[in-house]
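Below: the structure, in C-alpha cells.
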Amino acid sequence: MKKSILALALMIGSVSLGFSQRSEIRDAEDAIEEGKYKEALTELNKAEPQLAEEKDKWVIRYHLAKAKVLGNLAEKQTGDEMLSNINEALASVNKVLEMEEANEEAVNYKAQLRQTMVQSAIDSQNEGDFDMAEKLLYKTYKLNENDTVMLYYAASAAVNGQLYDTALEHYNKLLDLNYDGSSTQYLALNEETGEKEIFQSKNMRDIAIKTGEFSEPTQEKTPSVTGEIAKNVTLIYIQQDQPEKALVAIEKAKEENPGDVSIMQAEADLYYKLGKIDKYDEIMKEVVKMDPENPTLYYNLGVASEQLGDKESAKEYYKKAIEFDPEMVNAYINLAALTLSEERAIVEQMNKLGNSRADNKKYQELNEKKKKFYEEALPYLEKATELAPKNMEALQTKLNIYYQLGKNEEAKALQEKINALQE
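Going left to right, the sequence shown walks through residues 1 to 423 as the UniProt record's numbering numbers them.
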C-alpha cells in the first residue's frame with residue numbers, strides 16, 4: 001500500500017511540473033505580445049530546466065518564444081551582445097524547423113531575423129564597425145547560399161574594414177561561383193510625382209500598374225560587378241605584395257568574361273600599380289575603343305601619357321575628357337599644370353643668362369614666351385576655380401599668374417577671397 005501511495009505522489013509531482021512549465025511558457029508569450037522581452041526571457045529561463053527533449057507542442061512553443069525574445073532584444077542592441085542574441089535566436093528557430101519543417105510561424109520568423117541581421121549590418125557600417133557588418137552579412141548569406149549578393153556585400157564590408165584576408169576569401173568564392181551581380185530592375189512611372197520607381201519584383205510592378213497610380217512599365221539590366229571584384233582582388237594581392245597572384249586573378253576574370261570593359265580597366269589599373277605605364281597605356285587605348293564617350297577613360301589616359309612623357313597626347317586626352325564632361329575639374333587643373341610645366345625650362349634658361357646686351361635681349365624674348373604659357377594656362381584655372389571655388393591649390397596658382405601678368409586688380413580681389421577662405 002505504501003508503494004502505491006509513493007507512486008501516486010510521484011505521478012502528481014510530475015503532472016504539477018508539466019503544468020508549471022506550460023504556465024511559464026504562456027506567461028512568456030503574453031509578455032512578448034506586450035513587448036516585455038526581459039520579463040519573457042525570465043519566464044523562459046524558469047521553464048527551460050523542465051523542457052522535454054522530444055518533439056512536443058510546448059517544446060516548439062518554447063523555442064519559438066525564445067527566438068522572438070532574443071530577436072527583438074537584438075534589434076535594440078549593438079556589438080557582440082547583439083550578435084550573440086541573433087545566434088541564439090537562429091538556433092532556437094532552427095530547432096523548431098528540425099521538429100516541424102513546415103512550421104509557418106518559424107519560417108516567417110526566420111525571414112524576419114534575416115531582415116534584422118541585414119538592418120543591423122547597415123547600422124554597423126554607418127557606425128564604422130565594418131567587422132560586425134561583415135559577420136552579419138556573411139551569416140545572412142549562410143542562411144541561404146543562393147543569396148550570393150549577401151556574400152558580395154560581406155566582401156565589400158571586409159574591404160572597407162581593411163579585413164583583406166576575409167575579403168579575398170569572399171571574392172574568390174564569388175569568382176568560383178561566376179557571380180556577376182547583374183539583375184533585372186522593374187520600373188514604372190509614378191503618375192503623382194512624375195518619377196520612375198523601382199519595384200521588388202515584376203509582379204509587384206504589374207499590380208501597381210493596375211491601380212492606375214503608375215504607368216509606363218519598363219525593365220533595366222543592372223551592370224555586372226565582375227570587373228569590380230577582379231579589380232578588388234588584384235588590389236588586395238598588390239597590398240599583400242603578391243603581384244603574380246594579382247595577374248592570375250585578372251587572367252581568370254578575362255577568360256570567364258571576354259571583352260568585359262571593367263575587367264580590362266582593372267587589368268590596366270594593375271599594370272599602373274606595378275609601374276608598367278606603357279602596358280597600362282596599351283590596354284587603356286583598347287578600352288577607349290570599346291567605350292569611346294567615357295570621359296574618365298580619356299582623363300586616365302592623359303595621366304598615363306604624362307607619366308610616359310608624352311605631353312602633347314596628355315593634353316589631347318584631357319581636352320577629350322572635357323569634351324564629354326565639361327565639369328571635370330581635375331582635367332582643367334591638369335591641363336593648366338601641363339602648360340605651366342613648360343615654364344620651368346624657360347626659367348632655367350633665364351637664370352643662366354648674364355648682363356650683356358645679347359643676354360638682355362634673350363631674357364626679354366624668353367620672358368614674353370613665358371607669359372604666353374601663363375596666358376594659355378589661365379583659362380583652364382579660371383574654369384577650374386569656377387567649378388571648385390574652394391580649391392586652394394588652383395586659387396594660389398591663379399593668383400601667381402595674375403601677378404606675373406600684371407593683373408594687379410584681379411590679384412587683389414582674389415587675395416581677399418583666399419584670405420576669407422582661410423579664416
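Quick reminder that beta carbons are idealized off the backbone N, C-alpha and C, glycines included.
Going straight from the alpha carbon of residue i to that of residue j, what length do you get?
| i | j | result |
| --- | --- | --- |
| F286 | E323 | Note that residue 286 corresponds to Glu in the displayed sequence, not to Phe. Distance between the alpha carbons of E286 and E323 is about 20 angstroms. |
| N160 | K110 | 28 angstroms |
| E145 | F199 | 23 angstroms |
| K311 | G354 | 31 angstroms |
| K95 | L41 | 18 angstroms |
| Y299 | K372 | 25 angstroms |
| E255 | L175 | 12 angstroms |
| M204 | L189 | 14 angstroms |
| residue 456 | V93 | Since the first residue of the chain shown is 1 and the last is 423, residue 456 is not available in this structure. |
| Y171 | G71 | 30 angstroms |
| L247 | L163 | 21 angstroms |
| M150 | V233 | 18 angstroms |
| Y280 | Y402 | 38 angstroms |
| A7 | E48 | Low confidence applies here, because A7 scores a pLDDT of 41, under 50, leaving its location unreliable; read the following figure in that light. Each residue's alpha carbon lies about 25 angstroms from the other. |
| L366 | K221 | 58 angstroms |
| A249 | T78 | 37 angstroms |
| F214 | L90 | 39 angstroms |
| E228 | T116 | 28 angstroms |
| S4 | T140 | Only weak support is given to the placement of S4: the predicted model assigns it a pLDDT of 42, under 50, and the question is left unresolved by the model. |
| Y179 | N400 | 53 angstroms |
| A331 | N360 | 37 angstroms |
| N45 | K66 | 9 angstroms |
| N408 | A358 | 30 angstroms |
| D206 | S183 | 18 angstroms |
| A157 | D131 | 7 angstroms |
| G35 | G194 | 41 angstroms |
| D30 | I236 | 52 angstroms |
| K383 | R344 | 23 angstroms |
| A154 | L73 | 23 angstroms |
| S356 | E348 | 17 angstroms |
| Q119 | Q185 | 22 angstroms |
| N87 | E127 | 21 angstroms |
| Q123 | D129 | In the sequence as presented, Gln is not what sits at residue 123; that position holds Asp. Looking at the two C-alpha atoms, the distance is approximately 9 angstroms. |
| R61 | I25 | 7 angstroms |
| K319 | Q307 | 17 angstroms |
| A121 | K142 | 15 angstroms |
| E75 | Q125 | 15 angstroms |
| K38 | W58 | 20 angstroms |
| Y272 | I32 | 59 angstroms |
| V69 | A102 | 21 angstroms |
| A411 | G259 | 51 angstroms |
| K173 | Y374 | 54 angstroms |
| A413 | E216 | 53 angstroms |
| K64 | E100 | Note that residue 64 is Leu in the sequence shown here, rather than Lys. Answer to the nearest angstrom: the Cα atoms are 12 angstroms apart. |
| T166 | K398 | 47 angstroms |
Based on DSSP bridge pairs, tell me the residues matched to residue i.
| i | result |
| --- | --- |
| Y186 | F199, Q219 |
Less than 8 angstroms between the CB atoms is what I'm expecting for residue i and residue j, so what's the real figure, rounded?
| i | j | result |
| --- | --- | --- |
| L97 | A106 | 5 angstroms |
| L297 | V288 | 5 angstroms |
| N257 | T226 | 5 angstroms |
| L381 | A394 | 6 angstroms |
| M290 | V261 | 5 angstroms |
| K362 | I346 | That pair is no contact at about 11 angstroms. |
| A304 | I277 | 6 angstroms |
| L168 | T148 | Rounded, the Cβ-Cβ distance is 17 angstroms, inconsistent with contact. |
| E376 | T339 | 5 angstroms |
| P295 | D325 | 4 angstroms |
| A321 | G302 | 7 angstroms |
| A230 | A253 | 4 angstroms |
Every unbroken beta strand (DSSP E) within the region 195-219, with a cutoff of 3 residues, ordered by chain: 196-199
Given 8 angstroms, three or more beta-carbon pairs between the region 64-84 and the region 126-146: yes
Mind listing, in chain order, the continuous alpha helix (DSSP H) runs of no fewer than 4 residues lying wholly within the region 341-420? 357-387, 392-404
Runs of beta strand (DSSP E) wholly within the region 260-330 (minimum 3 residues, chain order): none
Residue ranges of each beta strand (DSSP E) run of no fewer than 3 residues wholly in the region 29-77, ordered along the chain? none
Within the chosen definition, does the region 237-256 reach the region 184-200 through at least 3 CB pairs nearer than 8 angstroms? no
So does the region 333-343 actually touch the region 303-319, counting three or more Cβ pairs closer than 8 angstroms? yes
The region 403-420 / the region 370-390 touching (three or more Cβ pairs under 8 angstroms): yes
Check whether the region 266-275 touches the region 178-195, taking contact to mean three or more Cβ pairs, one atom from each stretch, closer than 8 angstroms. no
My parser needs the alpha helix (DSSP H) runs of 4 or more residues fully inside the region 102-155; what are they? 104-126, 130-143
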